[in-house]
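In order, the protein sequences belong to chains Y and R. First residue of the first sequence: 3, per our numbering; consecutive thereafter. First residue of the second sequence: -15, per our numbering; consecutive thereafter. Let me begin by presenting the structure, written as structure tokens, before commenting on it.
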Amino acid sequence: MRAAFTWALLLMLAACAARAAVPASGAAEHAAASGDYRTAAQNYEQVLAARGFSAPVLFNLGNAWLRLGQPARAILEYERALVLAPGSAAIAANLAAAQQRAGLTPAVVGPWVAAVRNFSFDTYAWTGLASIWVLCAGVILLYVNGVARRFARLLILVAAVTLCVTADAAALCWSDLYRAVVQEPTALHLAPAASAAASGNLREGEVVWIQDKFGGFELVRTADGHSGWVNDSAAVPIRVSHP
Amino acid sequence: MQATTHFRAVARRAILIAWLAWGAGPVGAATRFTVTLDPPNFDVNDSAELTITATGDEDAVPIIPRVPGLVINPEGQSSSIQQVNGAVRAIFARTYRVTASHEGTFVIPPIQVGSATTASVTVHVGAAGSGSSARRGAGAGADKPAVDLAAATRAATPMMKVVVPASRLYVGELIPIQIKAYFREGVSARLEGPLAAVGDAFTVSGLDKRPTQTQETVGGMDYTVLTWNSVLGALKSGAYPIGLEMPVTLNIQLPVTDSDIDARLRSLFGTNSRGAFMDDPAFGNLFGRVIQKTITLKPTGTPVTVLPLPVEGRPADFAGAVGQFQVAAALTPAAGVVGDPLTFKFTVTGKGNLARVSSEALHDSTQWRAYRSESKVTADDDTGLQGFKTFSQPVIPLQAGQLTLPGVSFSYFDPEAARYVTRATQPIRVTVTPGSGAAQVASTLQGGRTMPGAAPAAGADALAADATVTREHFATLEPVIWRPWFAGSALAPVLLMLAAITLIRRHQQRRGDPALMLHAARLAAIKINIESMGAALKRGDGPAFFTAARHALQERLADLWQVPAESVDQQLVAARVPGADGVQLQAIFAMAEKATYAGESPGAAALQEWQRRVLSQLDRLEAVT
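What follows is the structure in structure tokens.
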């Protein structure tokens, strides 16, 4: 009993020490406020690596990269921040500024896609999951006699409509799961080989869609419909599990 | 030129046909083929005539073999009738012109004519001017003076001149030139390839365009002149001729002498006497010789001197532009908004090597963000010597207010003034209004608020201010649907729903079954009767006790045997339940009858014993059920 308590105490202390080794967001904010964007960016990246993604941290990191004159990295961080905080006017505005500085024209999307992007794909996934639960509960209630039967029909109707809407929305932004940001100007190749003929060029900060992978190369499609193979280090995916 | 030659050939052929028609008569003798070369030895600049004669009644086209180093071109054919002692023979003669590309001894192998072959012929070709030509008189056996073929070739050879407006150039300078090729009137010539520049001292552009054709008289001679208007560019310093080449094939008509005509007449008609009409010079030209010769035409003229660009006074931004230029700059639109791109256009107009015109353009500053410029050359004429080059550069104002776009300079070398010139545009003032987008957007991030006092205040760099992280909520960007448990979460309610529906339906089915309902009623009746037994036992009411016991057993056995409870009696038990249990049950039924009908009532202790037996039997029957 005593030994177990000692081990638990040691583990807690180690966890606290590890957390203390990671600079807090405050340090990064202080560095950014004093104009030291390089230090701010490093601190924000350490925070992300240690604790995971956070919309404010990603936003601030994007600002730091943009102020350091690296719009491609800023675009990547802004896009990631928009995944966690879709519809944020501040992120969208800074993303547009970063695209301007990279010499890129923001992609024009239709009204439906624009409306759908007010929420994240995960929001639609969670809503759809909840709809399935409610729908199942409603179906069960249908088999129960009494007042519950009348209530079940309304529940099923609401859940079914919600499920359809979320499924449509998820389908509209399904391709967003495979978006990536080009980090350096690179050539599109006709085949997954460095010696293959070039079919076009990708610009720094350009958003592409990853369609396939093969031997260190990725088949990407650009917003204007061109496809080609690039080295997998050239385009960094937006949706990743870890920083 | 070719039309004239063609007309002469047709006329010559028509006269010979008429001659043949006049002398036509019976033919019929064995055909004999002979081949002669006249002269057998000649210079490289000279030629010989190869004649294949068929004497007899057979005529066939000879198959001329290919001899490396020799060019054997058909020149003409003739036919005649010969009458000797009343015998008439036809004579067919085909002539070919033989020229050589180099000196040496050549062997023309046997020539196949129809089914026969001729003897081989050996040709000796001497160097130019070696005087190796030795004409053999056709049938006369006497030598005669050779035609000055070299002189005829020289006279027919076209000439090329390059008209250069200046004798001295600077490296990189472009000047317009005219390239003229002079072809003698009456000389048939064919261009075998385009005019091409050779050498590495100059570039000549515009050679791919069609030349203009004019007529000129030079030194009393008429020429057809092809003119190319081109641009000459000097690549390196020094004195170099302008390297140009153009392959041309000439058909040179050699002058005809009386001996030539006589010899030809003898070979054709066996006589050299000409009628009056043959004294016409035009008739003599019919027997003239045509030489086909391919030459490479090169320009004549003195070398052009190319001067190096002076090192002294060379501006730092000089990039090789040579000529005379003017510069201009403009910004469109004239006013802007912070963050919105404007286009800066820098135009260099003038005459010179516009392709070498370059500009450093604008650079990033605290007020402006400048992007890479793109250039485009627009030529005013076909030569590309004159025109303008436009540099388009996107720029983005980073601040609001009255901003100044700095001027842009451009340096070039003026070859006429022989000095470097630097021209610059005036700075452009532009009014920039604050942006309506990013700078005025409040931070709406989750858990964030606009950071007071943060270094980059909104609008300073057209960015929304940093957010303060007040409630840290960290997550992963991996889509939730890619996690295995999410699929389980979506599948679980469906499975639960199916399970619940199954249970409910089963319950409902069982609830409506008459057998199940009867079974439940009998269980309830057993329970009630057991309770009645207990109550009767407490009261000491023997008849009531046994009545309840009998009912309980009847319900249990009726449920077991699926018969009406009233039909279960001692006889049925005796029939269906063998052994000790049957005896026990019969005893209980017998005692119940006694108590019910005879009023027999045992004591309290005995009732308790009966109760134990009844309950024991009920339990055993329940187990059987």
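Don't be surprised by glycine CBs; every beta carbon is placed ideally from N, CA and C.
Closer than 6 Å by C-beta to residue i: which residues in its own chain qualify, once you throw out the five before and the five after it? Chain order, please.
i, result
"R:GLN383", "GLN351"
"R:THR102", "PHE17, VAL19, PRO94, ILE95"
"Y:VAL118", "ALA171, LEU174, CYS175"
"Y:PHE61", "ALA83, ILE93"
"R:PRO411", "THR388, PRO390, GLY391"
"Y:ILE240", "GLU81, ARG82, ARG181"
"R:GLU87", "VAL28, VAL109, GLY110, ALA111"
Using only CA atoms, which one of the options lies nearest to residue i?
i, options, result
"R:ARG489", "Y:ARG82, Y:TYR145, Y:ALA109, Y:VAL163", "Y:TYR145"
"R:GLN377", "R:LEU387, R:ARG407, R:ALA345", "R:ALA345"
"Y:THR224", "Y:SER235, Y:GLY207, Y:GLY218", "Y:GLY207"
"Y:TYR39", "Y:ALA104, Y:GLU220, Y:GLY218, Y:ASN65", "Y:ASN65"
"Y:LEU165", "Y:LEU143, Y:VAL184, Y:TRP135", "Y:TRP135"
"R:THR486", "Y:VAL85, Y:VAL49, Y:LEU50, Y:LEU143", "Y:LEU143"
"R:LEU21", "R:GLN61, R:VAL202, R:ARG81", "R:ARG81"
"R:ALA520", "R:GLU577, R:SER62, R:GLN595", "R:GLN595"
"Y:GLN48", "Y:ALA196, Y:PRO113, Y:ALA29", "Y:ALA29"
"Y:ALA52", "Y:SER27, Y:PRO88, Y:ALA150, Y:ALA162", "Y:SER27"
"R:TYR207", "R:GLU169, R:LEU179, R:ALA139, R:VAL91", "R:GLU169"
"R:GLY630", "R:SER357, R:ALA451, R:GLY190, R:LEU507", "Lying outside -15 to 609, the shown extent of chain R, residue 630 of chain R is not represented and no answer is given."
"R:VAL55", "R:THR79, R:THR106, R:PHE397, R:THR83", "R:THR83"
"Y:ALA100", "Y:LEU78, Y:LEU86, Y:ALA87", "Y:LEU78"
Using the Cβ count rule (16 or more neighbours within 10 Å means buried), how would you classify residue i?
i, result
"Y:ASP170", "exposed"
"R:GLU176", "exposed"
"Y:HIS191", "buried"
"R:MET501", "exposed"
"R:THR198", "exposed"
"R:LYS360", "exposed"
"R:TRP545", "exposed"
"Y:ASN96", "buried"
"Y:PRO245", "buried"
"R:TYR581", "exposed"
"R:GLN592", "exposed"
"R:PRO46", "buried"
"Y:TRP231", "buried"
"R:LYS373", "buried"
"Y:PRO73", "buried"
"R:ARG403", "exposed"
Does residue i get closer than 8 Å to chain R when you measure Cβ to Cβ?
i, result
"Y:VAL232", "no"
"Y:VAL141", "yes"
"Y:ASN62", "yes"
"Y:LEU131", "yes"
"Y:PRO58", "yes"
"Y:SER235", "no"
"Y:ALA95", "yes"
"Y:PHE153", "no"
"Y:HIS228", "no"
"Y:VAL24", "Residue placement at Y:VAL24 is flagged as unreliable, the pLDDT there being 47, under the threshold of 50; the coordinate-derived value follows with that caveat. It does not: the Cβ of Y:VAL24 has no partner Cβ on chain R nearer than 8 Å."
"Y:TYR145", "yes"
"Y:ILE134", "yes"
Counting only C-beta atoms, is residue i closer than 8 Å to chain Y at any point?
i, result
"R:HIS457", "yes"
"R:PRO94", "no"
"R:SER473", "yes"
"R:VAL465", "Note that residue 465 of chain R is Ile in the sequence shown here, rather than Val. Yes, contact with chain Y."
"R:THR460", "yes"
"R:LEU429", "Bear in mind that the predicted position of R:LEU429 carries a pLDDT of just 42, short of 50, making it too unreliable to give a figure here."
"R:ALA484", "yes"
Keeping to the same chain, check which residues put their C-beta closer than 7 Å to that of residue i; ignore five residues upstream and five downstream.
i, result
"R:PHE573", "ARG534, ASP553, GLN554, VAL557"
"R:LYS282", "MET144, LEU228, GLU229"
Less than 7 Å separating the Cβ of residue i from some heavy atom of the ligand ATP?
i, result
"R:ALA520", "Although the ligand ATP was asked about, the structure shown includes no ligands whatsoever."
Who are the near neighbours of residue i in its chain, counting only those whose CB is closer than 8 Å to its CB and skipping five residues on each side?
i, result
"Y:ALA98", "PRO108"
"R:ALA590", "none"
"Y:LEU221", "PRO194, ILE212, GLN213, ASP214, LYS215, SER229, GLY230, TRP231"
Original post:
Do the region 122 to 136 of chain Y and the region 457 to 468 of chain R make contact, defined as three or more Cβ pairs closer than 8 Å?
Top reply: yes
Original post:
Quick one: any contact between the region 310 to 320 of chain R and the region 160 to 178 of chain R, if contact means 3 or more CB pairs under 8 Å?
Top reply: no
Original post:
With contact counted as at least three CB pairs below 8 Å, one residue from each stretch, are the region 402 to 418 of chain R and the region 317 to 330 of chain R in contact?
Top reply: yes
**OP:** Report yes or no: do three or more beta-carbon pairs, one from the region 179 to 195 of chain R and one from the region 209 to 217 of chain R, lie closer than 8 Å?
**Re:** yes
**OP:** Inspect the CB distances between the region 512 to 532 of chain R and the region 558 to 567 of chain R and report whether three or more fall short of 8 Å.
**Re:** no
Original post:
Counting pairs of beta carbons, one from the region 148 to 155 of chain Y and one from the region 110 to 124 of chain Y, are three or more of them closer than 8 Å?
Top reply: no
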